[in-house]
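S.K.: Take the sequence shown: its letter number 162 is residue 161 in numbering that gives the first Met the number 0, and every next letter is one higher.
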Amino acid sequence: MWLPPSSAYTADDLLRAAKARAFPATKRLITDWVTIGLLDQPNRRGRGRAKGVERTWPASQFQLWLVLLDKRRDITHVASLCNIPVFLWLNFGTEYAPVRQVRRALGFFNRLVPGMSVTAARKAARSIVAQLSAPTATRADQNALVEAIVSATGGGEFNRDLLLDPVRRIFDPEQTGRRIGPAGAPMTAESWVDYTEALIVGAQTIPDLRDEEFETARLAHHDTLAMYVVQQPAFAQDPEIGSIFDAPTISWLANNACSNITTEIGFRELARRRGASEGAAPPQT
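(1) Going by DSSP in three states, alanine 16 sits in which element: helix, strand or coil?
(2) Can you list, in chain order, the residues of its chain with a C-beta nearer than 8 Å to that of serine 132? Leave out the 5 residues immediately preceding and following it.
(3) Count the other CB atoms, across all protein chains shown, that sit within 10 Å of the CB of leucine 13; report buried if there are 16 or more and exposed otherwise.
(4) Can you list, in chain order, the residues of its chain with a C-beta nearer than 8 Å to that of leucine 161? Leave out the 5 residues immediately preceding and following it.
(5) So is proline 238 buried or exposed if we call it buried at 16+ other beta carbons inside 10 Å?
(6) Taking one C-beta from the stretch 26-34 and one from the stretch 88-97 each time, how about it: are there three or more such pairs within less than 8 Å?
(7) Going by C-alpha distance, which of Thr34, Ala188, Asn90 is nearest leucine 144?
(8) So what does DSSP say about proline 84, is it helix, strand or coil?
(9) What first and last residue would you give for the alpha helix (DSSP H) that runs through arginine 54?
(10) Would you please state the rounded distance, in angstroms, between the beta carbons of alanine 202 and asparagine 82? I believe it to be under 8 Å.
(11) Where does the unbroken alpha helix (DSSP H) through glutamate 211 begin, and where does it stop?
(12) Hey, would you say histidine 220 sits closer than 8 Å to glutamate 268, going by beta carbons?
(13) Using the beta-carbon count (16 or more within 10 Å), is glycine 274 buried or exposed?
(14) Just how far apart, CA to CA, sit leucine 222 and leucine 87?
(15) Based on the DSSP secondary-structure assignment, which residues constitute the bridge partners of arginine 43?
(16) Buried or exposed: leucine 163, going by 16 or more other Cβ atoms within 10 Å of its Cβ?
(17) Thinking C-alpha only, which one of Thr135, Ser250, Val52, Thr55 is nearest threonine 175?
(18) Looking at the structure shown, is isoleucine 249 part of a helix, part of a strand, or coil, going by DSSP?
(19) Relative to the C-alpha of phenylalanine 234, which candidate in Ala58, Thr9, Gly180, Asp11 has its C-alpha closest?
(20) Taking the alpha-carbon of threonine 25 as reference, which of Leu68, Ala124, Ile199 has the nearest alpha-carbon?
(21) Ordered along the chain, which non-local residues of its own chain (more than five positions away) have a Cβ less than 6 Å from that of tryptophan 64?
(22) Could you tell me the distance, in whole angstroms, from the CA atom of glutamate 53 to the CA atom of tyrosine 8?
(23) Determine the closest residue to isoleucine 243 out of Lys18, Cys257, Ile127, with distance taken between C-alpha atoms.
(24) Taking 6 Å as the limit between beta carbons, can you name the residues of its chain near valine 228, skipping five residues before and five after?
(25) Hey, quick one: how far does the alpha helix (DSSP H) through glutamine 290 stretch, first residue to last?
(26) What's the call for arginine 217, buried or exposed, on a 16-neighbour Cβ count within 10 Å?
(27) Of all the options Lys122, Leu37, Met186, Gln130, which has the alpha carbon lying nearest to the alpha carbon of serine 59?
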């Protein structure tokens with residue numbers, strides 16, 4: 000495969016590498032991918048008086064470009080590619096993806112949280128209802144929760160109380176204090192709403208998050224993941240909801256990088272708002 004003989008790669012270098020891989024890339028594609036955070040913004044260096052500006056990317060971004068080209072063939076929605084630079088940042092730090100790039104990637108990935116289409120929200124809601132419903136939950140209450148989830152994820156302010164009541168009616172219709180799942184990660188109506196709220200609040204918080212807060216969240220994510228790695232095998236054996244505790248493979252971590260760190264940031268922001276000294280995400284699923 001053709002590779003440029005330098006550690007500073009121009010747009011033309013990127014396009015030649017794409018051509019060598021039979022990928023129909025253009026300078027417009029490069030610009031678009033920089034805009035949404037798949038690539039970092041290029042370094043700018045003057046060529047000399049009246050000679051314009053040279054824009055280049057470092058070796059880490061060139062290698063990221065190659066990975067993105069390969070993955071683009073396999074996915075339908077470009078937003079899924081945002082997981083790649085975010086995964087690199089989470090695991091290897093800002094030398095592989097700076098915070099300015101991660102912020103844009105997360106913003107593009109989360110642009111529909113809340114605000115997803117009604118069709119997508121309703122499909123997700125039905126899956127959630129099937130997972131949460133107690134055997135005695137009525138069809139009417141199940142349908143009411145579907146509509147509540149669609150409303151809660153359809154934009155505007157997240158209303159915790161409006162969602163919590165219909166969740167309780169299908170999760171614990173007898174009001175017995177029902178809990179499901181393993182002892183180390185029990186699921187209740189409240190914990191499910193907590194997770195949903197954290198995802199939405201995280202997406203809303205990211206645009207204004209300070210750079211140092213990104214690093215704090217990244218390190219907190221490492222702690223959360225370390226606990227999950229130890230606990231996941233036991234969690235996965237739970238007869239009720241064991242199937243939701245995915246093994247933390249490299250593929251799973253890469254495919255869920257954006258949603259995992261968004262939720263981590265959301266839990267930390269909710270803890271700050273509520274006066275807690277430290278935010279902590281529950282085991283990641």
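A virtual CB, placed ideally from N, CA and C, is assigned to each residue, including glycine. Please read all numbers here as calculations on a predicted model, not as lab measurements.
M.R.: In short:
(1) helix
(2) Gln141, Ile169, Phe170
(3) buried
(4) Ala147, Ser150, Ala151
(5) exposed
(6) no
(7) Ala188
(8) helix
(9) Here arginine 54 belongs to no alpha helix (DSSP H); instead the beta strand (DSSP E) covers 52-57.
(10) At roughly 15 Å, the Cβ-Cβ gap does not stay under 8 Å, so alanine 202 and asparagine 82 are not in contact.
(11) 210-234
(12) no
(13) exposed
(14) Sequence inspection shows aspartate at residue 222; the leucine mentioned does not correspond to that position. Cα to Cα, aspartate 222 sits roughly 17 Å from leucine 87.
(15) Arg54
(16) buried
(17) Thr135
(18) helix
(19) Gly180
(20) Leu68
(21) Leu13
(22) 10 Å
(23) Ile127
(24) Pro247
(25) Shown here, the chain extends from 0 to 284; a query on residue 290 therefore has no answer.
(26) buried
(27) Leu37
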